[in-house]
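Report on the following structure.
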Amino acid sequence: MARFDKKVAIVTGAASGIGKEIALRFAAEGGIPVIADLNLDAANATAAEIKGKGGDAFAVAMNVVDEDAVNKGVADVMNKYGRIDVLVSNAGIQIVKPVVDFAFADWKKLLSIHLDGAFLTTKACLKHMYAAKSGSVVYMGSVHSKEASQLKAPYVTAKHGLIGLCKVVAKEGAAFNVRANVVCPGFVRTPLVDKQIPEQAKELGISEEDVVKHVMLKDTVDGEFTTTDDVADCVLFFAGARSNALTGQSIVVSHGWFMQ
Ligand code: NAD
1427 MARFDKKVAI VTGAASGIGK EIALRFAAEG GIPVIADLNL DAANATAAEI
1477 KGKGGDAFAV AMNVVDEDAV NKGVADVMNK YGRIDVLVSN AGIQIVKPVV
1527 DFAFADWKKL LSIHLDGAFL TTKACLKHMY AAKSGSVVYM GSVHSKEASQ
1577 LKAPYVTAKH GLIGLCKVVA KEGAAFNVRA NVVCPGFVRT PLVDKQIPEQ
1627 AKELGISEED VVKHVMLKDT VDGEFTTTDD VADCVLFFAG ARSNALTGQS
1677 IVVSHGWFMQ
């Protein structure tokens, strides 16, 4: 039997980048990913891609900072499948600016998508996981859950915050066999990173090539980007763990940029 046979995983931000890879990989191992994203067209396209390969998937329009939209999306999944085994709280954005130039509205927007989004989706899913006495929550952290970089004040703050949320959910969820863990990737070439390369070059007054070589990959052991596949491996590892032995943890997948 496949590792995730008929298990249902809500993956937020799964219409693109890392979330999309997680959805594809979950489906390839027999699971049913719910592609929950702001961008419904792209979510539908991902679901169609999975169905085209013989799997099952469900696209849901969800703005993770909208409590009603989150609750409706989760209710739709329960109505359709009657179970939620895994939540991957992955939706995120990036905005780069020095603290002195950071607009308050952008600070709040970034914190809200990463932290309010994680809270609201966790709260909505836990109810069903607790009733089933089983579940796994995986948060998409970052090396920035452990380390700081200039220009990324709210992102670093939010990603550190997810570790705290994870630890609380691990403690509260234990009685219901619900686990919570965090995956912390280094730089992965997705639209989120492609957008910030020219922005960082402008802010730092260096070339885009230098941003990649001397900022993003500077501290890796081999100058390599982490891939969406590398990240999906870690998410599926946490999602598939079979006991509370593996809970409240964070794993860094970054070509050695950050070593614990
Ligand atoms: P991406 O831009 O490729 O995908 C992000 C997805 O999230 C998009 O489909 C977007 O529509 C969706 N999204 C954005 N705001 C949303 C909202 N309010 N509600 C629902 N969906 C929303 O980005 P990515 O690189 O795949 O990033 C995914 C996650 O991985 C983020 O949390 C990011 O911080 C984290 N991460 C990325 C990297 C990297 O280098 N790419 C490294 C570490 C962590």
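In terms of the working numbering, the sequence shown opens at residue 1427 and continues consecutively. Note that the Cβ used here is the ideal one computed from N, Cα and C, for glycine as well.
| field | Secondary structure, beta strand (DSSP E): runs of 3+ residues fully inside the segment 1601 to 1651 | value | 1604 to 1611
Point to revise | Contact the segment 1437 to 1450 vs the segment 1653 to 1673: 3+ CB pairs below 8 Å | key: yes
query: The beta strand (DSSP E) with M1566 in it runs from where to where?
result: G1561 to M1566
_Within 10 Å of its beta-carbon, does N1516 have 16 or more other beta-carbons around it, so buried, or fewer, so exposed?_
buried
(Q) With the cut-off set at 7 Å, would you say E1635 and H1681 are in Cβ contact? (A) no
- prompt: Residue range of the beta strand (DSSP E) that A1487 falls in?
  reply: F1484 to A1487
- Let me know the secondary structure DSSP gives T1547 once reduced to three states. helix
According to DSSP, is T1653 part of a helix, a strand, or is it coil? coil
DSSP-derived helix/strand/coil call for A1574 | coil
Next item on the list: In angstroms with no decimal places, state the Cα-to-Cα distance between R1615 and L1464.
Entry: 20 Å
Quiz item: Is P1611 near ligand 1, with its Cβ less than 6 Å from a heavy atom?
Solution: yes
Can you tell me which of F1430, I1436 and D1645 puts its alpha carbon nearest to the alpha carbon of A1454?
F1430
- Item | Alpha-carbon to alpha-carbon, K1597 and G1567 | 19 Å
(message) For ligand 1, I want to know if A1517 counts as a neighbour, meaning its beta carbon is within less than 6 Å of at least one of the ligand's heavy atoms.
(response) yes
### Query
Name the DSSP beta bridge partners of T1583, please?
None, per the DSSP bridge assignment.
Margin query: In the DSSP output, what is Q1520 paired with across the bridge?
Written below: According to DSSP, which records beta bridges pairwise, Q1520 is partnered with nothing at all.
Check your understanding: So, do the segment 1504 to 1523 and the segment 1542 to 1560 have three or more beta carbon pairs nearer to each other than 8 Å?
Key -> yes
Query - The beta strand (DSSP E) enclosing I1677, as first and last residue numbers - result: Q1675 to V1679
**Q.** Given C1610 as reference, the closest of K1572, N1470 and G1499 once Cα atoms are compared
**A.** K1572
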